[in-house]
Amino acid sequence: MSYILEICDLIVNFPSFNLGPINLKLLQGRVHAYIGPNGAGKSTTIKSIFGAIKPDSGLIKFNNEIISDRKSLRTWINSMGIVTDNIFQWTNIKSADSLAFLSKMYDNWDFDLMNSLIDRLSFDSSTVIANLSTGEYTKLSIIAALSHKPSLLLLDEPTNGLDPFARNELIDILFEFMQNDENSILYSSHIIPEIDKIADEIAILSDGKIILNEEKSNLIENWRKIYIPDNTPELIDSGIFERKIENDSIALVCSDYDKVCSQLKNMNIEIKSEEYMNLEQIVLSIFKKAKYD
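The letter at position 286 of the sequence shown is residue 286 when you use our numbering, and the numbering goes up by one with no holes.
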């Protein structure tokens with residue numbers, strides 16, 4: 001396995017919020033979702049990676065080279081595309097002029113790709129940046145992030161303000177980007193259904209800490225909702241996230257289907273029915289448990 005990005009013991013401290021320690025590894029050729037509510041620390045993590053925020057401790061590696069000391073700036077700047085807020089320093093110029101300026105900073109800027117993205121996202125590049133709506137600003141960020149053909153995309157709420165048509169177009173663009181097996185994405189969002197369409201790995205962030213990091217396919221396979229008779233005694237099992245009465249049954253939300261089934265079998269407890277859970281249901285169950293534990 002080859003890791004394109006490694007975050008090791010990252011800590012960022014603010015007066016009212018502490019992030020970390022964060023440990024996260026992004027496999028080359030994969031989309032790693034970074035899920036959490038607003039204020040959980042997603043943007044702080046993304047901005048620490050490309051240097052907008054200086055960590056208090058920890059290190060960040062890109063292609064096995066430490067980049068958190070900023071000494072290797074030129075090595076990675078051509079290889080990362082970044083979508084986040086307040087990325088453009090000069091806002092009193094036209095979007096087209098900003099893209100023209102950015103094109104001189106990168107070795108691999110592709111004007112044909114840039115114009116294609118402008119067309120696909122229906123973006124008016126003649127608009128002054130300060131006059132862009134939230135959605136149009138997001139489009140400009142996406143165009144700037146992709147036009148120099150990076151191998152790693154850092155996406156911080158990349159559908160912010162986009163209408164459904166632009167949102168679907170962006171997902172198509174990202175699928176095309178991932179056709180190259182050397183490309184990778186760290187996709188930070190609190191909108192779970194949009195992540196579900198594209199993610200391979202899921203990291204869940206709560207109050208500045210990663211509380212789960214797992215392959216999405218494993219989550220979908222292992223998490224189930226199991227219905228058992230309502231007279232069943234309490235099960236002692238860490239794999240059960242929630243137990244509640246639904247109609248004439250007990251509904252168990254479990255994170256380890258095989259383990260819970262084995263325990264039920266040993267206790268001669270009938271499984272009346274069961275159902276898979278989607279990613280949104282799983283994530284909400286995890287946040288609910290984290291909140292009350």
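Virtual Cβ for every residue (Gly too), placed ideally from N, Cα, C.
ask   = Does the Cβ of residue 80 have 16 or more other Cβ atoms within 10 Å, making it buried, or fewer, making it exposed?
value = In summary, residue 80 is buried, with 16 or more beta-carbon neighbours lying within 10 Å of its beta-carbon over all protein chains present.
ask   = On the three-state DSSP scale, how would you describe residue 220?
value = Correct three-state label for residue 220: helix.
Beta-carbon gap between residue 217 and residue 196 smaller than 9 Å = Not a contact, by the Cβ cut-off of 9 Å.
query = Does the distance from the C-beta atom of residue 161 to that of residue 136 stay below 9 Å?
reply = yes
task = Verify the CB distance criterion: does residue 119 have a CB-CB separation below 9 Å to chain C?
result = Absent here is chain C; the protein component of the structure consists of one chain.
ask   = Do residue 219 and residue 147 have their CB atoms nearer than 9 Å?
value = no
inquiry  = If I follow the unbroken beta strand (DSSP E) through residue 153, where does it start and stop?
reply    = Note, residue 153: beta strand (DSSP E), 152 to 156.
request  = Would you kindly check if the distance between the Cβ of residue 45 and the Cβ of residue 188 is under 9 Å?
outcome  = yes
task = Please report how far the alpha carbon of residue 230 lies from the alpha carbon of residue 240, in whole angstroms.
result = 16 Å
request  = May I ask you to verify whether the segment 201 to 213 touches the segment 240 to 250, counting CB pairs closer than 8 Å and requiring at least 3?
outcome  = no
query = Skipping 5 residues on each side, what residues in its chain have a beta carbon closer than 8 Å to that of residue 110?
reply = 147, 148, 149
task = Could you spell out where the beta strand (DSSP E) holding residue 209 opens and where it closes?
result = 209 to 215
ask   = Would you say the segment 45 to 62 touches the segment 6 to 25, given that touching needs at least three Cβ pairs under 8 Å?
value = yes
task = Please report the residue range of the beta strand (DSSP E) in which residue 270 lies.
result = Per DSSP, residue 270 belongs to no beta strand (DSSP E) and is neither H nor E.
task = Kindly indicate which residue of 165, 155, 178, 183 has the alpha-carbon position closest to the one of residue 190.
result = 155
Beta bridge counterpart(s) of residue 3 as assigned by DSSP = 27
request  = List the residues that DSSP assigns as beta-bridge partners of residue 243.
outcome  = 252
key: Separation of residue 184 from residue 26, as counted between CA atoms   = 8 Å
ask   = From residue 222 to residue 284, what does the alpha carbon distance come to, in whole angstroms?
value = 15 Å
ask   = For residue 20, does the three-state DSSP call read helix, strand or coil?
value = strand
ask   = Taking DSSP as the reference, what is the three-state secondary structure of residue 330?
value = Lying before the first or after the last residue shown, residue 330 is absent from the chain, which here runs from 1 to 293.
inquiry  = Our contact map puts residue 129 next to residue 103 with C-beta atoms below 8 Å; I'd like the distance itself, whole angstroms only.
reply    = Contact doesn't hold; Cβ gap of about 16 Å is too wide.
query = How big is the Cα-Cα spacing for residue 178 and residue 157?
reply = 18 Å
query = Hey, residue 17 and residue 208 are a contact pair by Cβ (cut 8 Å); roughly how many whole angstroms apart?
reply = Between residue 17 and residue 208 the beta-carbon gap is near 6 Å, inside 8 Å, which marks them as a contact.
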